[in-house]
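Undergrad: So that we are looking at the same thing, I have put the structure below in structure tokens.
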Amino acid sequence: DARVTQTPRDKVTEMGQEVTMRCQPILGHNTVFWYRQTMMQGLELLAYFRNRAPLDDSGMPKDRFSAEMPDATLATLKIQPSEPRDSAVYFCASGLGTGGRETQYFGPGTRLLVL
Amino acid sequence: EDKVVQSPLSLVVHEGDTVTLNCSYEVTNFRSLLWYKQEKKAPTFLFMLTSSGIEKKSGRLSSILDKKELFSILNITATQTGDSAVYLCAVERGTYKYIFGTGTRLKVLA
Numbered sequence: 002d003a004r005v006t007q008t009p010r011d012k013v014t015e016m017g018q019e020v021t022m023r024c025q026p027i028l029g030h031n032t033v034f035w036y037r038q039t040m041m042q043g044l045e046l047l048a049y050f051r052n053r054a055p056l057d058d059s060g061m062p063k064d065r066f067s068a069e070m071p072d073a074t075l076a077t078l079k080i081q082p083s084e085p086r087d088s089a090v091y092f093c094a095s096g097l098g099t100g101g102r103e104t105q106y107f108g109p110g111t112r113l114l115v116l
Numbered sequence: 022e023d024k025v026v027q028s029p030l031s032l033v034v035h036e037g038d039t040v041t042l043n044c045s046y047e048v049t050n051f052r053s054l055l056w057y058k059q060e061k062k063a064p065t066f067l068f069m070l071t072s073s074g075i076e077k078k079s080g081r082l083s084s085i086l087d088k089k090e091l092f093s094i095l096n097i098t099a100t101q102t103g104d105s106a107v108y109l110c111a112v113e114r115g116t117y118k119y120i121f122g123t124g125t126r127l128k129v130l131a
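Chains as they are written, first to last, in the working numbering: chain A, 2 to 116; chain B, 22 to 131.
Given below as structure tokens:
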């Protein structure tokens, strides 16, 4: 049963620390998305990649967030330095095809709490 | 500014009831509208709609899009407690840019 995996599942850190979240997309999927979900803002698209190339990261705060895909099996989202307002659930999703829309599968999320 | 608005924000019904969830949108360069179900963790895909007036159906769930009036509805008939979840609507603006609504929280009582 193919699924997107994310690590860590939960992360508690102090303000100013670096946070790295990892995602393993479903094998063969060529599109990867990073989302952030909060009670106030709902689900927001942060960045997405196709064939490992970043297509758009306009949803990310540029000064502290960065997203990469070092290879086809790993996507990372880093926050440095972290701030309390970054507390949220971060989802990775992967998809396949020209649109990747119908097959966009979400991972279980990383719940981040920045104190 | 692009926006996706869902209503109602929350809904409590009894098993067997039929519910209708609404999603209205204002976005530039609309490509598609998607519905997701989110229980405790990650959203799971329900439907993708791109054309007006064509109903998509899966079991007791169905959805339709009106591109003229800029809205979509998600219907659930004969609701069950397992339908309790947050239902999210997302609009694809341009390619791959998804804007999500804040969701409708549905609670189905036994």
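Backbone N, C-alpha and C fix where the C-beta goes; we use that ideal spot for every residue, glycine too.
Just so we're clear, the structure is a prediction, and the values are computed from it rather than from any experiment.
1) Measuring alpha carbon to alpha carbon, tell me which of B:Q101, B:D104 and B:N43 ends up nearest S84 (chain B).
2) By the criterion of Cβ-Cβ separation under 9 Å, what are the contact partners of T32 (chain A) in chain E?
3) Would you be able to state if there are at least three C-beta pairs under 8 Å between the stretch 54 to 66 of chain B and the stretch 105 to 115 of chain B?
4) CA-CA distance, A63 (chain B) and G108 (chain A)?
5) For H35 (chain B) and V129 (chain B), what's the separation of their Cα atoms in angstroms?
6) Quick check: the stretch 71 to 87 of chain A against the stretch 18 to 33 of chain A, are there 3 or more CB pairs under 8 Å?
7) Would you say V25 (chain B) and G115 (chain B) are within 7 Å of each other, going by their C-beta atoms?
8) Is it true that the CB of R37 (chain A) sits closer than 7 Å to the CB of Y91 (chain A)?
9) For P55 (chain A), would you say it is in contact with chain B, using Cβ-to-Cβ distances shorter than 7 Å as the test?
10) Comparing the C-beta of K77 (chain B) with each C-beta of chain A, is any distance below 7 Å?
11) Helix or strand or just coil, what does DSSP make of R71 (chain A)?
12) Which residues in the same chain as P29 (chain B) place their Cβ atom closer than 7 Å to its Cβ, once the five residues preceding and following it in sequence are excluded?
13) Residues in the stretch 93 to 112 of chain B with C-beta within 7 Å of chain A's C-beta atoms, listed in sequence order?
14) May I ask which residues mark the beginning and end of the beta strand (DSSP E) holding Q25 (chain A)?
15) Comparing C-alpha positions only, which one of B:V33, B:Q101, B:R52 and B:K89 sits nearest to R81 (chain B)?
16) Could you give the distance in angstroms between the alpha-carbon of S67 (chain A) and the alpha-carbon of K79 (chain A)?
17) Along the beta strand (DSSP E) that carries D87 (chain B), what are the first and last residues, could you check?
18) Pull up the CB-CB distance for L70 (chain B) and S45 (chain B), whole angstroms please, since I reckon it's below 8 Å.
19) Output needed for A138 (chain A): all residues of its chain with C-beta closer than 6 Å, excluding positions within five of it in sequence on either side, in chain order.
20) Identify, in the order they occur along the chain, each residue of the same chain with its Cβ nearer than 8 Å to the Cβ of V20 (chain A), setting aside the five sequence neighbours on each side.
21) Is there a C-beta anywhere in chain B that falls below 7 Å from the one on P109 (chain A)?
22) Considering G74 (chain B), what are the terminal residues of the beta strand (DSSP E) in which it resides?
23) At the level of alpha carbons, what is the spacing between R65 (chain A) and V112 (chain B)?
24) Quick one: using the 10 Å Cβ neighbour count with 16 as the cut-off for buried, is M40 (chain A) buried or exposed?
TA: Short version:
1) B:N43
2) The displayed structure is made up of protein chains A and B, and chain E is not among them.
3) yes
4) 6 Å
5) 5 Å
6) yes
7) Not a contact, by the Cβ cut-off of 7 Å.
8) yes
9) no
10) no
11) For clarity, residue 71 (chain A) is Pro in the given sequence; the question names Arg instead. The three-state reading of DSSP puts P71 (chain A) in strand, counting E and B together.
12) T125
13) L109
14) V20 to Q25
15) Out of B:V33, B:Q101, B:R52 and B:K89, B:Q101 has the C-alpha closest to the C-alpha of R81 (chain B).
16) 5 Å
17) L82 to D87
18) Not a contact, Cβ separation roughly 14 Å.
19) Because chain A spans 2 through 116 in this model, residue 138 (chain A) falls outside it and cannot be assessed.
20) Contacts found: K12, T14, K79, I80, Q81, S83, D87, L113 and V115.
21) It does: the Cβ of P109 (chain A) has a partner Cβ on chain B nearer than 7 Å.
22) From DSSP, G74 (chain B) is part of no beta strand (DSSP E); its letter is neither H nor E.
23) Per the coordinates, the alpha-carbon of R65 (chain A) lies some 27 Å from the alpha-carbon of V112 (chain B).
24) Exposed is the call here.
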